[in-house]
Every structure is written in C-alpha cells, then in structure tokens.
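Structure, as structure tokens:
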Amino acid sequence: MWSYTDSNDISVLPPEFNRRFNPAFNMASIKQAINEAVERVRMPAPTRLRDLIRQIRAARTAAEERTVVNKECAYIRSTFREEDSVWRCRNIAKLLYIHMLGYPAHFGQLECLKLIASPRFTDKRIGYLGAMLLLDERQDVHLLITNCLKNDLNSTTQFVIGLALCTLGAIASPEMARDLAAEVERLMKSPNAYIRKKAALCAFRIIRRVPELMEMFLPATRSLLTEKNHGVLITGVTLITEMCENSVDTLNHFKKIVPNLVRILKNLILAGYSPEHDVSGVSDPFLQVKILRLLRILGRNDVDASEAMNDILAQVATNTETSKNVGNTILYETVLSIMDIKSESGLRVLAVNILGRFLLNNDKNIRYVALNTLLKTVYVDTNAVQRHRTTILDCLKDPDVSIRRRAMELSFALTNSNNIRAMIKELLLFLERADPEFKAQCSSNIVMSAERFAPNKRWHLETLFKVLVAAGNYVRDDVVACTIQLISETQSQQVYAVSALWRALEEDTYDKQPLTQVATWCIGEYGDLMLYGPHPDDANAPVNLTEEEVIDVYHKLLWSQQNSVVTKQYALLSLTKLSTRFQRGNEKIRQIIDTFGSNLNIELQQRGIEFSQLFRKYDHLRPALLERMPPMETAKPQANGIIGVVNGDSEVEEEKTLNVEPINTVPQSDSSALLDLLGGTDLSSPTTVPTVISTTAPISTSNNNDLLDLLGGLDLTATAPVLTIPQQQSPPQLFSPDNSNFLVDGLLNSSSTPISTVPDSPSMTVFDKQGLKITFKLQRTLDNPDLLVINMAALNSSSSQINDFLFQAAVPKTFQLHMLSPSGTSLPPFGQVTQILKVNNINKAALRMRLRISYTGVSGPILEQAEVNNFPTITVQ
Amino acid sequence: MMQFMLLFSRQGKLRLQKWYVAHPDKLKKKITRELITTILARKPKMSSFLEWKDVKVVYKRYASLYFCCAIVCELDIIFNFEKAYFILDELLVGGEIQETSKKNVLKAIAAQDLLQEEETPQGFFEDHGLG
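For the record, the sequence lines run as chains A and B. Quick note on the working numbering: the first sequence kicks off at 3 and runs consecutively. Quick note on the working numbering: the second sequence kicks off at 1444 and runs consecutively.
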C-alpha cells in the first residue's frame, strides 16, 4: 500500500522509502557502493552525458560530428558487451541523445530492459525512457518488457508504478494490452490520484488496441467522474469518450452521466479564479474542451440529452471571454456541440454568429478554424453560411495554403444556381494561380458545379474550356469525358466549340494534354463545320482556314516529343475522321497515317496500320465508318438524380430541410425491396426506417425509383440507412465510372484524401450458389480507422453466361454504406465482376450486411438474398 | 488522440520526439524530415495549422524553437533532454492529456528527482548519475 494517499504532498518521502534507497541505511547498498567504487578504479569512468553533448555541439562539420558519435557508439557497445552495470544508465542516456540526432541506436534495446529490471529508480527512469524511444510495438522484446511492467505495476512506490503506466500507455501492443489489462483495472481503483489518472489513460490505450477488453473497465470508469482532482476528471472523460465511440450500448449506458458533466462544467465556469488550473483567465480549458466533446457525442440524435445540456451550452457560449485565444478554443468546441446535438434554434443562431465573428478575426488560426467549422455546418444551415461568402472568397487569396484549401472546399459547398457565375469566376481565377496540388481537385469540382448549376450550355462549355486551359495537365480524365459528352449532345454549340478549341490548339499545348485531347476529338468530329460551316457568333473565330493549315497543326502534334501517346492516339483517329470531312484531297492525311504503321509505340503502330487499311482495301467503307457520331445520350441519369437531390439550389434545399422532420411519419406505402430488406434487419428499429419518397419523387428517374429514393435520404436525414448506387447498364465508354464515384465521393467525404490501405484480412466467401461465388476482401485504411473498404468479387464458375448481374447491399442504419460502380453487369463463363463497397462504421458496432443478388442465368431471372454477419473482428474497432 | 510530437530548432535540428503510434524507424525519420522542411518554409504570419498527408499538424514557434509549450531556452532542452521527456510524460500519456495543473506536474517531477538523489550518496551524484 502507499504510505500516503494525498498526492498533493509528495515532497515528503516516507521513512521506509529512505531506508530502502538510501545506502547509508542499507547493508546491501553499502556493498554495492563499494563494488562500484572498485569497478570505477578498474575501469575509467565514461564520458558524462553533458560532456558528450558539449563535444557534439562543438563539432563544426557533419563529418566531425559523425566521428564523435561513432567513437562514442563504439565505446558504448563495448560496455554493453562487457555487461557493465555501473555505467549502463549513463551510457543509455547518451545513446538516447545520439538516437535523437538520427543515428542508429537499436542495439540499446536489451540494455534498456536490463535498466528497467534494476531496483534503482534512476535506472528505471532512464530504462523506461529508452524503452519508449527505442521500442515500438513491433519489437519481439515485448514479452520481456511485459514481465517487467507487471512487476513494476505491483510496486509500492507510486513513481515506479507511474513510469510503468506511462510506458504501457505509449507502446502497448494488443498482446501487452491483454496481459496487463487486469493490473491496469486494479490501479484505476487505487486511492492515489496520481496513479488513478495514469491508469485511466492506460485503459484508454488498451481499449483502443483491443476493443473487446472494454467491459472490464466499465465499473471503475463510472467512479472517475465523482472525483475533484482535475487530472482524474480529464482522463476519465477521455476514457468515457473512447468507450462511447466504441459501442452504441456503452453510449446509451453513459447517457445518464450528462447531468454530472453539466455540473462539472458549470462549476468550472462559476468557480472563479483558481490559480492551479487557470490559463489566461479561463478555468481549466483542457477539461472544458474534453467535456464539451463528450457532451456532443452523448447529445447527438437524443432529444432528452440535448435538452439537458442546452442551458449550459448557452451559458458557455455567452460567458466565455474571447479576448484571449483560450476562450476561442472553448467557443469553437461549444459551436460544434451546438451544431451536432438537437439544440434549440436560438442557440443555433448564437453559434453561427460566433462563427461569423471568428471569420472576421485577424488571427489566421481563428480564421482557419472558422472555415473548418463552417464547412461542417454548411449542410445544416446553408443560408447562414452564405452571408459570409465574400469573406470566404477573399480567403482564396490568402498566402497560407491551409486556409486556401479550406476556403476552396467551402466555396464549392456554397455554390448554387443563384451565384454560380460569380463563384465560378472567382474559382477559375483561383485555379489559374493554384498550386499543382489543388488543380486536380479544384478543376473536377468546377466541372461538377458547372454541370449542376450551369445557366445555359454556352456558359457551361466556356467554363469547361477555361478549366482545361487553367488546369492543364492536372485535369482528371473524367473532365475530358464530360466535355466531349457535352459537346456531342449540344448540337447548337458545336460550331462555337470547334472554333474555340481550334484556337486553343494553335497555341502551345504540351502542358495541356487533356485540352488537346478534347480539341482533337472535337475537330475530328466537326472539322467540316469549322471549315465550311456557318460562321460562329464569336469575334475571335478563325477566318478562311484551309485544310492545309489544319493538317500542319496535326503534323506538329503528332511529331512533338512532348505530347503523350494517348493524345497522339486521339490526334491520329481525329485525322482519319477528317479525311472524310475535308472536301479536297486527303493524300497528305494518308501519308501521315502510313508513317505510323512503323511507329515504335505499339498502340500507335496498330492504329497506323489499321487506319491505313481504311484508305486501301476498305476505302469504300471509310465514309460510313467515320460518319459523325450520334449525339451521346446523357449517360448518367442516376448521377444527376443524386446531385439534384443532395445538393440542389439553396431554396430547394431549405424546403427539404423543412421536410426532414415529417419524413419519418410518411407511411411506407411505396417501400422498395431494399427497404424491406433492411426492415428485416433487427438491428435497425423498423419505426425509424426513413422513407424519403415525398421529397425525391419528382426528381428520381422512373426505372429505379427505389434505389434513388434511398439515395435521396443520404444528405437530408443523417440517419439514412443505406446508400447504394444503382447499377445500370454501364454507359458508353466516354462516361468514365470514376466520374460518378467522384461526385458521390465528394459529397460523402468533404476531403477526398487518397486512401492508404493496409491489407488486413483474407477474403471471405459470402455467397456461393449455382456456380456464382461472391467473395469479400476487406481492407482497412490507415487514415480513417472507421472506414472499411470491401472489395467484392463475383465469380461465375459455371459454363453459362450470366447477364444483368446486380449486387445490392444493406447495412444497419448506424453505418454508412457507399458503393462504387461495378466493373460490369455480365459475367461470361469463368469471368468475374468486381465492385468496391465502403462502410463507415461511426459507432464502431459489429457489422452485419444483407445482400440481394439478381441476375439472368440460363434458366431465366434469379433473385437471391443472403446475410453476412461473420465479419472478422478487424472490421470492428 | 495525438499521434506524435516533435520539437525542433530553427536550423531544423530535432530536439525531442515522442511517438504515440508505432511506426518503423525509417518512416519516423521520413515524417520528421519532411515535416521539418515544410514547417520551416512557412512564413511566421501563417496559421499554425498544416494539413500534411492525412494528418493535421499544429505547430507553434517559441523563440528559436518550434514547440507547443513555453520553455525558456533551447540550450536547457539540449542539455537536459531527458528531463524534457520526463516532464512531457507527466503531461501526456498515450497521446492524451493527463494533468492540467502545472503545479502538479512540477511537484511530481521534483519528487522523482529527489528520489534519484536520495538513492545516490552525497557527493557521488555528479560522478555517478548522468553527469
């Protein structure tokens, strides 16, 4: 037991403590001191730590520094070999300094463990420090350190326990967590606050590593909040937050602590000045922030809990001092909490006003935070954010890249059909000057916004061309496809388009490959309009253009080293088409194409040979083959549907927001098969299955209403249970499936960070019937532990063709499911179709999934259902 | 949860590092190097936030050191780097804050330093300790 429980009085050491450690009172220690004295005589004392640091600092060149370090490292190694225990502590300390300078120090790992096992506190202190710096959870020495930790967790000295807890908190691996959880749980109930707070954070770390261990900590956690000590309180709140995010059951369990949290927060605000926890006039901002965050989680979608915290949030929002940065921190967290819970409307107005004040602040950090928060709230209250549009657009010009990025994302979120012209003008200016890292995202977003809100086709085309010019090679492929599609379906603007693109092509275009591709495609299709068609209503249109001039430009394009192979393919095909559009001879065209018959690049060579055949053997077929393509049908009714629903005009959106409440009461008259599917999942209570037909019916297309309806719920109700993308016949090749994914992606995750995946689990078979086998391969992402990526692969092992293959999935409403387009809809014998599913497991509950698989086999249409609830535990963290 | 914490000088020298997630040594070095270069290139008037790869970095410069806590002099940290670690460990555990009272942190550090001195006979400390 500890001889003293009051951690405030740790300056006086207990008597038995002195007896134990002061050599003057202990025979063993006297012997040790004598032995060490003998050792010292036998072997000269090594360089002191501070002396080594001085030597290293005195080194004038990197080479000199290396010499000093190498010499010392060699010496340290030799002492390790000789099992020198007297100076081990000092040598490890020096090694840690050397490690920090970037030199290898792994050979000190085992010596650290020896230090930890020593009875001296100095040794332990340095040993544990070394363990935290040199070991990480990949090391095999973990078994050894687990034993040391177990011993020290049972020590009678609070600081030895403290060191062990701190180390466990920093490097706990899943195995260590399992082995030591019981010890940590015992220490959480210790009467000593110093130990209790450290144990609470250790429990936090253990649960993070091994979520199943949560149960055992629950009883001890509850009592942490009755504490006065702020250290214990803050660690307790941290632990509870983690537990609530871990499982819905625990979240409901902790709903009853809302009054306790409110009381603690109230005491903090009203207590007045307390020197111990004061930061520029605010009483323990750290604790306040932690409590506000926990309240946010507890109040989300819970009217009663929200009601209970309404007053205190109002109080914090009005009473917090904003002249200092600390106050702004608390206000920021308060605003987020107000926006997240079901708070009263008056309180929401207060919160948005606070954000407005933030945005006008001179401090860069506060502006950044304001932009960030507005981005989170823009879908809740668009009009409130619209008021700050000018300021937000100004932020696009900020020298700080972090602010520019946020401002860009926010600008796109604010764009609607009322302000599209002004917004896109600013954003195009931004795109021109933007860093390369922004160009891809920005250009795709402009294209998306233009597609949704374009006032007319001409403006739409102009915007697309400007994007192609401004973003150059950073334009994503989907933009090329979109632009070509638009030109093809807009016959009235083809004359304008072809002349505008011709002008662009005359410039130097090596840094604008996508533009060149669009231009060559367009000239190939509509070259006759450019040369012999009506004069476009465009002052800069080319006048008296001759066929020779056009061929010269193509010649330049095809022989330029700087154009990519893909661009040359476009150009070659375009030129072949021109041979039927031109009225004069096409001898020159034929010569150019012939030369490609011997091109080194196999793709170009193949085209060269094939096209030259069109001038010889199959000359009679050429005009018919190369006829103008029919206008491409809008290939993405589903994509348009989604956009229309999710992000309509501001007014429309407002109406919808109003409609959100009654949605749940709409009878499930039209409920679709998928909704039924979901209704059967016992995890989701049937009463809350939202049917959003009322709001989306006018927009959705007729052929798959049910799915679109589900989609419609996506942004209107946060509780939308299912998100699927309808899989229709895949559109013509020009419409890249990436495009539609991107659209949805952008809506779902505001930041489209690339997913870095860790292959985590082997594949699992979820369905295997009549020669159709469906497997899931699971991946977790490093940057978002809640996100599970499922690679679905459907394999046809029968000898007959499978057509109209449609794979649908539904998950309980605590998850968000996002399905990308499948690789196809038909499976030839032994062929396969793949599709990616993304499951966002916000509440970290156990994942279950219902599947519906429909296809047409030899025996006619088949509909199958299946349920998957054996997802391995890695999917639940 | 905080993933790591770095302290480095204006010259780009690392003075203290603390990792709360496990990475191989090579990756740690890469992250450190890239972050230092990126942050040092930022102008003083820019915000303290940096969205780098998939992490959000918050930094603050005090005198010649980039850090998030007030410490008087760079030399103090260079020569007493282990003490800086000890203090940090009393402030954070596993990437989460554990104590909000400066007084309590200092008290715990002082008591542990005393413990170290107590176990070494008078006069021996200079020679015997870390020196």
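Cβ atoms here follow ideal geometry from the backbone N, Cα and C, with glycine treated the same way.
{"Asked": "Cβ separation of Val250/A and Ala847/A, assumed to be a contact under 8 Å, to the nearest whole Å", "Found": "5 Å"}
{"Asked": "Host beta strand (DSSP E) of Tyr857/A (start-end)", "Found": "851 to 859"}
{"Asked": "Residue from Ala442/A, Ala372/A, Ala205/A, Asn231/A whose Cα sits closest to the Cα of Pro360/A", "Found": "Note on identity: in this sequence residue 360/A is Phe, with Pro being the wrong assignment. With distances taken between Cα atoms, Phe360/A lies closest to Ala372/A."}
{"Asked": "Within chain B, the residues that Gly104/A reaches when beta carbons sit closer than 8 Å", "Found": "Leu1457, Lys1472"}
{"Asked": "Nonlocal neighbours in the same chain, by C-beta distance under 8 Å from Glu1494/B, ignoring five residues either side", "Found": "Val1500"}
{"Asked": "Alpha helix (DSSP H) runs wholly inside the region 47 to 106 of chain A, at least 4 long, in chain order", "Found": "51 to 60, 64 to 83, 90 to 102"}
{"Asked": "Environment of Met1444/B [buried if 16+ CB atoms lie within 10 Å]", "Found": "exposed"}
{"Asked": "Cβ separation of Asn798/A and Gly773/A, assumed to be a contact under 8 Å, to the nearest whole Å", "Found": "6 Å"}
{"Asked": "Length of the line joining the Cα atoms of Gly650/A and Ala415/A", "Found": "Only weak support is given to the placement of Gly650/A: the predicted model assigns it a pLDDT of 35, under 50, and the question is left unresolved by the model."}
{"Asked": "Three-pair Cβ contact test at 8 Å for the region 163 to 183 of chain A versus the region 204 to 211 of chain A", "Found": "yes"}
{"Asked": "Spatial neighbours of Ile855/A in its chain, beta-carbon cut-off 6 Å, leaving aside the 5 residues before and after", "Found": "Phe809, Glu866"}
{"Asked": "Beta-carbon proximity list for Gly110/A, same chain, < 7 Å, skipping 5 on both sides", "Found": "Ile94, Leu97, Gly132, Leu136"}
{"Asked": "The region 1522 to 1534 of chain B contacting the region 445 to 459 of chain A, beta-carbon criterion three pairs below 8 Å", "Found": "no"}
{"Asked": "8 Å Cβ cutoff, Cys204/A in contact with chain B", "Found": "yes"}
{"Asked": "Unbroken beta strand (DSSP E) run spanning Gly862/A, endpoints", "Found": "862 to 870"}
{"Asked": "Every unbroken alpha helix (DSSP H) within the region 339 to 404 of chain A, with a cutoff of 4 residues, ordered by chain", "Found": "347 to 362, 366 to 379, 384 to 388, 391 to 397"}
{"Asked": "Stretch pair the region 1448 to 1462 of chain B + the region 341 to 355 of chain A: three plus CB contacts closer than 8 Å", "Found": "no"}
{"Asked": "Ile604/A, buried or exposed, once every other Cβ within 10 Å from all chains shown has been counted against 16", "Found": "exposed"}
{"Asked": "Extent of the continuous alpha helix (DSSP H) to which Val841/A belongs", "Found": "From DSSP, Val841/A is part of no alpha helix (DSSP H) but of the beta strand (DSSP E) over 834 to 843."}
{"Asked": "Separation of Phe778/A from Ile611/A, as counted between CA atoms", "Found": "43 Å"}
{"Asked": "Tyr1528/B at chain A interface by Cβ criterion, 8 Å", "Found": "yes"}
{"Asked": "Cross-chain neighbours of Ile236/A in chain B, by beta carbon under 9 Å", "Found": "Glu1539, Ile1540, Gln1541, Glu1542, Thr1543"}
{"Asked": "Collapsed DSSP secondary structure at Ser5/A in the structure displayed", "Found": "With a pLDDT of 40 at Ser5/A, under the threshold of 50, the predicted position of this residue should be treated as unreliable, though the coordinate-derived value follows. Three-state result, Ser5/A: coil."}
{"Asked": "Short CB-CB distance (under 8 Å) between Asn707/A and chain B", "Found": "A caution first: Asn707/A carries a pLDDT of 42, below 50, which makes its placement in the model too unreliable to give a value."}
{"Asked": "Close-in-space but distant-in-sequence residues of the same chain around Leu189/A (CB under 6 Å, 5 per side omitted)", "Found": "Ile197, Ala201"}
{"Asked": "Secondary structure of Glu1560/B, DSSP reduced to three states", "Found": "helix"}
{"Asked": "Below-8 Å beta-carbon distance, Ala133/A vs any chain B residue", "Found": "no"}
{"Asked": "Distance between Lys1496/B and Phe1447/B (C-alpha atoms, nearest Å)", "Found": "14 Å"}
{"Asked": "Reduced DSSP category for Glu185/A - H, G, I as helix; E, B as strand; rest coil", "Found": "helix"}
{"Asked": "8 Å Cβ cutoff met for Ile881/A and Leu296/A", "Found": "Residue 881/A lies beyond the stretch modelled for chain A, which goes from 3 to 879, so this question has no answer here."}
{"Asked": "Within 9 Å of chain B by C-beta, residues of the region 280 to 293 of chain A in sequence order", "Found": "Val281, Asp286, Pro287, Phe288, Leu289, Lys292"}
{"Asked": "Same chain, Cβ closer than 7 Å to Glu527/A, five either side skipped, listed in chain order", "Found": "Lys579, Arg630, Met631"}
{"Asked": "Nearest-angstrom Cα separation, counted from Glu464/A out to Pro457/A", "Found": "12 Å"}
{"Asked": "Start-to-end residues for the beta strand (DSSP E) that takes in Ala795/A", "Found": "789 to 798"}
{"Asked": "Endpoints, the alpha helix (DSSP H) within which Phe206/A is located", "Found": "195 to 211"}
{"Asked": "Neighbourhood of Phe432/A by C-beta distance below 6 Å, restricted to the same chain and skipping five residues each side", "Found": "Leu398"}
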